[in-house]
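In the numbering used here, the protein residues as written are -4 to 95.
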Amino acid sequence: MELDIFFSPIDDINIEKESISEHFTSYFKDSSFPDWESVDVVLFGVRESRNSSFNKGCDNGQGRIRKALYQLNSTTHCKIADLGDIIQGNSVEDTYTAVS
-4 MELDIFFSPI
6 DDINIEKESI
16 SEHFTSYFKD
26 SSFPDWESVD
36 VVLFGVRESR
46 NSSFNKGCDN
56 GQGRIRKALY
66 QLNSTTHCKI
76 ADLGDIIQGN
86 SVEDTYTAVS
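Okay, structure coming up:
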(Lines of atoms letter the chains of each structure in order from A and count residues from 1; the text may use other names and numbers.)
(Lines give C-alpha, C1' and ligand atoms only; values in the text may rest on other atoms or scores of the structure.)
Protein backbone atom coordinates (compact mmCIF):
# COMPACT_ATOMS: atom_id res chain seq x y z
CA MET A 1 0.00 0.00 0.00
CA GLU A 2 1.23 3.49 -0.86
CA LEU A 3 1.33 5.54 2.34
CA ASP A 4 1.51 8.91 0.60
CA ILE A 5 -2.26 8.86 -0.04
CA PHE A 6 -2.78 9.44 3.69
CA PHE A 7 -0.51 12.51 3.91
CA SER A 8 -0.48 16.13 2.85
CA PRO A 9 2.87 17.86 2.33
CA ILE A 10 4.20 20.37 4.83
CA ASP A 11 4.66 24.08 4.22
CA ASP A 12 8.15 25.24 3.36
CA ILE A 13 10.38 25.69 6.40
CA ASN A 14 13.60 27.68 6.59
CA ILE A 15 16.41 25.16 7.04
CA GLU A 16 19.37 26.53 8.95
CA LYS A 17 22.90 25.29 8.33
CA GLU A 18 24.09 22.88 11.06
CA SER A 19 20.54 22.41 12.32
CA ILE A 20 18.87 19.06 12.85
CA SER A 21 16.79 19.69 9.72
CA GLU A 22 19.87 19.02 7.58
CA HIS A 23 19.31 15.36 8.49
CA PHE A 24 15.64 15.43 7.47
CA THR A 25 14.04 14.13 4.32
CA SER A 26 10.78 16.07 4.32
CA TYR A 27 7.62 15.86 2.25
CA PHE A 28 7.25 19.37 0.79
CA LYS A 29 4.79 20.36 -1.94
CA ASP A 30 7.52 20.25 -4.58
CA SER A 31 9.21 17.04 -3.42
CA SER A 32 8.49 13.35 -3.52
CA PHE A 33 7.29 11.33 -0.56
CA PRO A 34 10.24 10.31 1.66
CA ASP A 35 11.53 6.75 1.73
CA TRP A 36 10.45 6.22 5.33
CA GLU A 37 11.76 2.66 5.49
CA SER A 38 15.39 3.75 5.06
CA VAL A 39 15.58 6.20 7.99
CA ASP A 40 16.08 5.91 11.73
CA VAL A 41 13.21 8.16 12.88
CA VAL A 42 9.86 9.00 11.26
CA LEU A 43 7.78 12.06 12.17
CA PHE A 44 4.33 13.12 11.03
CA GLY A 45 1.63 15.53 12.13
CA VAL A 46 -1.99 14.70 12.86
CA ARG A 47 -4.48 17.46 12.02
CA GLU A 48 -7.24 16.21 14.27
CA SER A 49 -9.05 17.93 17.11
CA ARG A 50 -12.32 16.05 17.20
CA ASN A 51 -12.66 14.21 20.55
CA SER A 52 -10.27 16.70 22.17
CA SER A 53 -12.67 19.12 23.83
CA PHE A 54 -10.08 20.09 26.46
CA ASN A 55 -7.32 20.65 23.90
CA LYS A 56 -8.81 23.14 21.41
CA GLY A 57 -6.57 23.98 18.47
CA CYS A 58 -4.39 20.89 18.81
CA ASP A 59 -4.96 20.20 15.12
CA ASN A 60 -2.76 23.21 14.31
CA GLY A 61 0.17 22.45 16.60
CA GLN A 62 2.33 20.51 14.17
CA GLY A 63 3.44 23.65 12.31
CA ARG A 64 4.68 25.28 15.49
CA ILE A 65 6.44 22.11 16.57
CA ARG A 66 8.16 21.78 13.19
CA LYS A 67 9.24 25.42 13.20
CA ALA A 68 11.00 24.91 16.54
CA LEU A 69 12.31 21.41 15.78
CA TYR A 70 13.81 22.28 12.40
CA GLN A 71 15.87 25.09 14.00
CA LEU A 72 17.51 22.98 16.72
CA ASN A 73 21.27 22.59 16.53
CA SER A 74 22.41 19.02 16.17
CA THR A 75 25.39 16.86 15.42
CA THR A 76 23.29 13.72 15.11
CA HIS A 77 23.97 11.21 12.38
CA CYS A 78 20.41 9.95 12.64
CA LYS A 79 18.40 9.96 9.39
CA ILE A 80 14.95 11.47 9.91
CA ALA A 81 11.89 11.55 7.63
CA ASP A 82 9.05 14.04 8.04
CA LEU A 83 6.12 12.52 6.17
CA GLY A 84 3.92 15.60 6.42
CA ASP A 85 0.47 15.57 8.00
CA ILE A 86 -2.09 12.80 8.10
CA ILE A 87 -5.11 13.91 6.09
CA GLN A 88 -8.12 14.19 8.37
CA GLY A 89 -10.64 11.40 7.74
CA ASN A 90 -14.40 11.76 7.32
CA SER A 91 -14.70 10.66 10.94
CA VAL A 92 -12.27 10.78 13.83
CA GLU A 93 -12.12 6.99 13.66
CA ASP A 94 -10.95 7.24 10.03
CA THR A 95 -8.10 9.50 11.16
CA TYR A 96 -7.18 7.11 13.97
CA THR A 97 -7.11 4.24 11.45
CA ALA A 98 -4.80 6.21 9.15
CA VAL A 99 -2.45 6.87 12.07
CA SER A 100 -2.31 3.20 13.01
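For every residue, glycine included, the Cβ atom is placed at its ideal position computed from N, Cα and C.
Computed from a predicted model, the values in this text were never measured in an experiment.
When DSSP assignments are scanned along the region 12 to 74, the uninterrupted stretches of beta strand (DSSP E) that are 3 or more residues long and fall wholly within it turn out to be 19 to 21, 36 to 41.
I15 and R59 have their C-alpha atoms roughly 16 Å apart.
As DSSP reads the structure, F2 sits in a beta bridge with I81. Annotation for E88: the continuous alpha helix (DSSP H) segment containing it runs 87 to 94. Using a Cβ distance threshold of 8 Å, G40 and Q57 count as a contacting pair. The straight-line gap separating the alpha-carbon atoms of F19 and S95 is approximately 22 Å. Rounded to the nearest whole angstrom, the CA to CA distance from R42 to T70 is 30 Å. A residue is called buried once 16 or more other Cβ atoms fall within 10 Å of its Cβ, and I0, having fewer, is exposed. Segment contact: the region 17 to 35 against the region 75 to 88, three or more CB-CB distances shorter than 8 Å; contact assigned. Residues of the same chain with a CB within less than 8 Å of the CB of K62, apart from the 5 flanking positions on each side, are I8 in chain order.
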